[in-house]
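Participant:
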Amino acid sequence: MYKIIFMYTDGTKLSFENLKSIQYPASSWKNVSGDELLTHFFPLEADYHLQLENKGCMVSHKDLLVIEITKMS
Numbered sequence: 001m002y003k004i005i006f007m008y009t010d011g012t013k014l015s016f017e018n019l020k021s022i023q024y025p026a027s028s029w030k031n032v033s034g035d036e037l038l039t040h041f042f043p044l045e046a047d048y049h050l051q052l053e054n055k056g057c058m059v060s061h062k063d064l065l066v067i068e069i070t071k072m073s
């Protein structure tokens, strides 16, 4: 599983653990999962739909500055 942190220009951090995949709109919907999460280029201009182990959620791109993803052991 993976952990993702979204950091915003006002210093806010949103952290999610047990990440399974991320979807976001591009020319068509992109679906990123597995170790590709560690190397994929995620644009800062997209809203993200997260699939976690026990829930799903949407994260806004408004004022998004950094996306950090780490593999959990």
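Following full-length UniProt numbering, the numbering of the sequence shown begins with 1 at its first residue and continues without gaps. Cβ atoms here follow ideal geometry from the backbone N, Cα and C, with glycine treated the same way.
Is DSSP giving Leu37 helix, strand or coil here?
Facilitator: Looking at Leu37 - three-state DSSP - the assignment turns out to be helix.
Participant: Please classify Phe6 as buried or exposed, where buried requires at least 16 neighbouring CB atoms within 10 angstroms.
Facilitator: Classification of Phe6: buried, given that the 10 Å Cβ count is 16 or more.
Participant: Taking the beta carbon of Leu19 as the centre, do at least 16 other beta carbons fall within 10 Å, making it buried, or is it exposed?
Facilitator: Buried is the call here.
Participant: Would you mind working out which of Leu44, Gly56, Asn54 and Ile22 sits nearest Glu36, comparing C-alpha positions?
Facilitator: Checking every option, the nearest Cα to that of Glu36 belongs to Ile22.
Participant: Relative to the C-alpha of Ser64, which residue among His40, Gly56, Leu14 and Met72 is closest?
Facilitator: In the sequence under discussion, the amino acid at residue 64 is Leu, which differs from the Ser named in the question. The shortest C-alpha separation from Leu64 is found at Leu14.
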